[in-house]
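The next block holds one structure in the form of structure tokens; read it before the comments.
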Amino acid sequence: MRKLFCLLLVLLLCGTACLAEETAAPEKVESLPFAKNTPLMQVTFFKIGVEDSILIQCSGETMLIDCGILPSGQEVVDYLLERGITLIDYAVNTHPHDDHIDGFRTLFEKIEVAQFMVCYALDFNAEMIAAIKSAEANGVPVVEFTEDDDLSFGGNIITLYQDPTSKNTNSRSMASHIRFGDCSIMLTADVGAATLESFAKEAGEAIKAQILKLAHHGTDTPNKFFFETVAPEICVLTNYRTSERVQNTLSFLNRHKTPLLSVYQGNIDFYTDGKIWVYIQ
Numbered sequence: 031m032r033k034l035f036c037l038l039l040v041l042l043l044c045g046t047a048c049l050a051e052e053t054a055a056p057e058k059v060e061s062l063p064f065a066k067n068t069p070l071m072q073v074t075f076f077k078i079g080v081e082d083s084i085l086i087q088c089s090g091e092t093m094l095i096d097c098g099i100l101p102s103g104q105e106v107v108d109y110l111l112e113r114g115i116t117l118i119d120y121a122v123n124t125h126p127h128d129d130h131i132d133g134f135r136t137l138f139e140k141i142e143v144a145q146f147m148v149c150y151a152l153d154f155n156a157e158m159i160a161a162i163k164s165a166e167a168n169g170v171p172v173v174e175f176t177e178d179d180d181l182s183f184g185g186n187i188i189t190l191y192q193d194p195t196s197k198n199t200n201s202r203s204m205a206s207h208i209r210f211g212d213c214s215i216m217l218t219a220d221v222g223a224a225t226l227e228s229f230a231k232e233a234g235e236a237i238k239a240q241i242l243k244l245a246h247h248g249t250d251t252p253n254k255f256f257f258e259t260v261a262p263e264i265c266v267l268t269n270y271r272t273s274e275r276v277q278n279t280l281s282f283l284n285r286h287k288t289p290l291l292s293v294y295q296g297n298i299d300f301y302t303d304g305k306i307w308v309y310i311q
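Heads up, the sequence shown is in the working numbering, so the first residue is 31 and it goes up one at a time.
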């Protein structure tokens, strides 16, 4: 089973090189090709398991979207400190499941956080209550937000998508489309296929993006209409477990000839000047 998973990953990663000219997918580099002092946006996917923690840096400001499970919070802290980051301007939770919210409790104790932003009721579940208590105990202001709020910062444009009527916590996750110049990335949290399709029907080409983070750690096969509307040049998988559900997703990408990057191989750092994407892994 693991061999099949790894083989599919190799085929997809090879596809990155084979399709680069045709699709203009983000290019892997050893060093950044941008001139000194060029304004950049950096998007980092941390390797912390079958969990999400995504760092956005733009014009000196930082946003951390989700922070994994409780033990992974320390891993995220270590990654941040290794990069010289001692302040998170915006700590954003997409939904209060342990693999997205619990790690914030460690973050609040170890790193200065300007605000903790949540899009569910403060008493929604035990995980949310624990995170709120930790934020308050560490002097971190808690801010409630909805899809109508503007979280843009540092010159980027962030558009939020959520179905607040969904009774499924994953499908009620907050998704975000982040644009910097002509370059975009779509972050789907754990949103379900039917909800993602509704976002695509509502937004149309506004959700097109060169990079797509696969929803729910790749365990849900992508919705075809949503996928083709976003039309990604490359996808990101925040997962490295072997499972039939993940393999179904890998097969879907293979059929669509879409290259894949996985945190299975380590942290992924994307950089854009608003004209091109490059990445280091």
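Positions of the beta carbon are idealized from the N, C-alpha and C atoms, including for glycine.
By the neighbour-count criterion, in which a residue is buried when 16 or more other Cβ atoms sit within 10 angstroms of its Cβ, E60 is exposed. Looking at the DSSP output, Y270 sits in no beta bridge, so it has no partner there.
Counting C-beta pairs with one atom in each stretch, the stretch 203-215 and the stretch 158-172 have fewer than three that are closer than 8 Å, which means they do not touch. Straight across, the Cα-Cα distance linking C97 with V148 is about 13 Å.
Boundaries of the alpha helix (DSSP H) around L137: 134-140.
Between the alpha carbons of K238 and V173 lies a distance of about 29 Å.
Here P63 is actually not in contact with I264; their C-beta atoms are around 17 Å apart, not less than 8 Å. Per the coordinates, the alpha-carbon of T288 lies some 25 Å from the alpha-carbon of I95. Close CB contacts of L70 within its chain, under the 6 Å cut and outside five residues either way in sequence, are with Y301, D303 (chain order). Under the three-state reduction of DSSP, Q72 is assigned to strand.
Counting C-beta pairs closer than 8 Å gives fewer than three between the stretch 99-106 and the stretch 270-287, which falls short of the contact rule.
The beta carbon of F210 sits closer than 6 Å to the beta carbons of M71, N186, T302, G304 from its chain, once the five residues preceding and following it are set aside; these are given in chain order. Taken in chain order, the unbroken stretches of alpha helix (DSSP H) that lie wholly in the stretch 136-171 and span 4 residues or more are 156-167. If you keep only unbroken alpha helix (DSSP H) runs of at least 4 residues inside the stretch 236-311, you get 254-260, 274-285. Per DSSP, the unbroken alpha helix (DSSP H) holding E227 starts and ends at 223-233. Distance from the CA atom of D108 to the CA atom of R135, rounded to whole angstroms, is 14 Å. Check the Cα spacing between M93 and each of E81, T68, I141: the tightest is with I141.
Taken through DSSP and simplified to helix, strand or coil, Q104 comes out as helix. For I131, the uninterrupted alpha helix (DSSP H) segment begins and ends at 128-131. A residue is called buried once 16 or more other Cβ atoms fall within 10 Å of its Cβ, and T218 is buried on that count.
When secondary structure is reduced to three states using DSSP, E60 falls in the coil class, being assigned neither helix nor strand.
E112 sits in a helix when the DSSP states are folded into three classes. The three-state reading of DSSP puts I95 in strand, counting E and B together. For R209, DSSP records a beta bridge to I187, S214. Of the residues Y309, N123, V80, the one whose Cα lies closest to the Cα of I215 is Y309.
According to the DSSP secondary-structure assignment, L117 is paired through a beta bridge with E142.
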